[in-house]
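First residue of the sequence shown: 29, per our numbering; consecutive thereafter.
Each residue gets a CB set at the ideal place from its N, CA and C atoms; glycine is no exception.
To start, the structure itself, in structure tokens.
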Amino acid sequence: MHASLIRFAAGGLMVSALVATLIATLVEKVAFAQDALLPLGDGKISTGPELGYVFSCQTQFGGGGGAFRDGDWIQGNWWDPKGKPVVDGEVFWPNSEITVSISGDFRLIRANNLPSHPTGIYPIGAQDDAYDYDRNPNRISAQSVALELPAVPNIAATPTCIPMGMIGFALTGVAIFNALDGMGRDAPAHEIQDKCGGHPERTGRYHYHDLSACIEDPGGEADQHSGLLGYALDGFGMFGPGGEDGVWLTTQDLDACHGHTHAIEWDGSSTEIFHYHLTRDYTYTLGCFRGTPVVVAGQQGPPDGALPPGGAGRRPPPPRP
Ligand SMILES: [Zn+2]
Ligand SMILES: [Zn+2]
Numbered sequence: 029m030h031a032s033l034i035r036f037a038a039g040g041l042m043v044s045a046l047v048a049t050l051i052a053t054l055v056e057k058v059a060f061a062q063d064a065l066l067p068l069g070d071g072k073i074s075t076g077p078e079l080g081y082v083f084s085c086q087t088q089f090g091g092g093g094g095a096f097r098d099g100d101w102i103q104g105n106w107w108d109p110k111g112k113p114v115v116d117g118e119v120f121w122p123n124s125e126i127t128v129s130i131s132g133d134f135r136l137i138r139a140n141n142l143p144s145h146p147t148g149i150y151p152i153g154a155q156d157d158a159y160d161y162d163r164n165p166n167r168i169s170a171q172s173v174a175l176e177l178p179a180v181p182n183i184a185a186t187p188t189c190i191p192m193g194m195i196g197f198a199l200t201g202v203a204i205f206n207a208l209d210g211m212g213r214d215a216p217a218h219e220i221q222d223k224c225g226g227h228p229e230r231t232g233r234y235h236y237h238d239l240s241a242c243i244e245d246p247g248g249e250a251d252q253h254s255g256l257l258g259y260a261l262d263g264f265g266m267f268g269p270g271g272e273d274g275v276w277l278t279t280q281d282l283d284a285c286h287g288h289t290h291a292i293e294w295d296g297s298s299t300e301i302f303h304y305h306l307t308r309d310y311t312y313t314l315g316c317f318r319g320t321p322v323v324v325a326g327q328q329g330p331p332d333g334a335l336p337p338g339g340a341g342r343r344p345p346p347p348r349p
């Protein structure tokens, strides 16, 4: 072959490699946005703020509890949200209550932790396909929620670790937990939730571990930043996945705590303030608290699958023939 042809061919290869990389990046962005394969977050727990990791207060996780078997929706380091069973049923909660008000320097959230949308049937029934993987025996029950968050939160000198149990509260009236199940694994990937992405822990508290399909995003389309979906326990807002240009953000677009700072609509006026985003990919919600979280006695439940004092946690699978 003529030398210049060889050079041309090599150049073509380089160009196509570059194009392939660009396409792969684009596909990854689109894939996260379209609910396709997501990276599995197992093992991504850190002892300090680290992008893509949960800076977890709890570092020792027990075995047992939660989902007891993985399905084929988990493949290597990826999982497919569309391939996972969904807890059946459509139970309505007409008594769902939430009020958010400002009193002095505080934002008060009063709620009963029942969702403003339908849930699946819990405990998970033996006839439900979810039962083959997760036998959540807990029943959804009302909780007394009374949060006093700073109305205008400040960035703390150092980030704070994320506890198990409640880390924030959604405007749909229910708790938001971190990305981890009781065994410290990627909860949305391993545990089976209902179609709204929620399930109860052992005290009956219904909660999400990631972006719920049943939260209506007031923004998030037509080139707009997502709307406010809830508040983290440090008082900063939790927004949907849409960034400033409306394009869905991924964890890599945010800081180690899963947020960033720019002007947003905050209590009725455009304010330059830190805020968190929920994303399709792990860590889904907060990686750490950028502000100072309130400590609320009795509000932060045990991790999923933790054994209650009575002993009956998530039941283990029956012996199989
Ligand atoms: Zn933003
Ligand atoms: Zn959970």
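Can you check which of these residues, the options, is closest to residue i by C-alpha distance?
| i | options | result |
| --- | --- | --- |
| residue 134 | 104, 159, 119, 178 | 178 |
| residue 255 | 308, 83, 244 | 244 |
| residue 253 | 277, 259, 234 | 277 |
| residue 1 | 324, 306, 320, 322 | Outside the shown range of the chain (29 to 349) lies residue 1, about which nothing can therefore be said. |
| residue 69 | 75, 76, 280, 82 | 82 |
| residue 94 | 76, 240, 210 | 210 |
| residue 185 | 309, 77, 314 | 77 |
| residue 321 | 294, 260, 120, 296 | 260 |
| residue 287 | 296, 272, 295, 214 | 272 |
Could you tell me if residue i is buried or exposed, where buried requires 16 or more neighbouring beta carbons within 10 angstroms of its beta carbon?
| i | result |
| --- | --- |
| residue 229 | buried |
| residue 110 | exposed |
| residue 290 | exposed |
| residue 264 | buried |
| residue 155 | exposed |
| residue 172 | exposed |
| residue 193 | buried |
| residue 166 | buried |
| residue 240 | buried |
| residue 122 | exposed |
| residue 132 | exposed |
| residue 308 | buried |
Do you know offhand how far residue i's Cα is from residue j's?
| i | j | result |
| --- | --- | --- |
| residue 203 | residue 104 | 30 Å |
| residue 85 | residue 189 | 5 Å |
| residue 113 | residue 130 | 40 Å |
| residue 318 | residue 187 | 5 Å |
| residue 71 | residue 279 | 16 Å |
| residue 300 | residue 268 | 17 Å |
| residue 87 | residue 73 | 8 Å |
| residue 182 | residue 266 | 15 Å |
Give the C-beta separation of residue i and residue j to the nearest angstrom, bearing in mind that I take them to be a contact with Cβ-Cβ under 8 Å.
| i | j | result |
| --- | --- | --- |
| residue 220 | residue 162 | 4 Å |
| residue 197 | residue 139 | 7 Å |
| residue 107 | residue 136 | Actually they are not in contact, since the Cβ atoms of residue 107 and residue 136 sit about 38 Å apart, beyond 8 Å. |
| residue 312 | residue 191 | Their Cβ separation, rounded to whole angstroms, is 16 Å, which puts residue 312 and residue 191 out of contact at 8 Å. |
| residue 199 | residue 126 | 7 Å |
| residue 115 | residue 146 | Wrong, their Cβ atoms sit about 11 Å apart, outside the cutoff. |
Does any CB atom of chain B fall closer than 7 Å to the CB of residue i?
| i | result |
| --- | --- |
| residue 285 | Of the protein chains in the structure, only one exists, and it is not chain B. |
Anything with a beta carbon under 7 Å from a heavy atom of ligand 1 counts; list them all in chain order.
-> Per the Cβ criterion, the list is 253, 267, 271, 272, 288, 290, 292, 303, 305.
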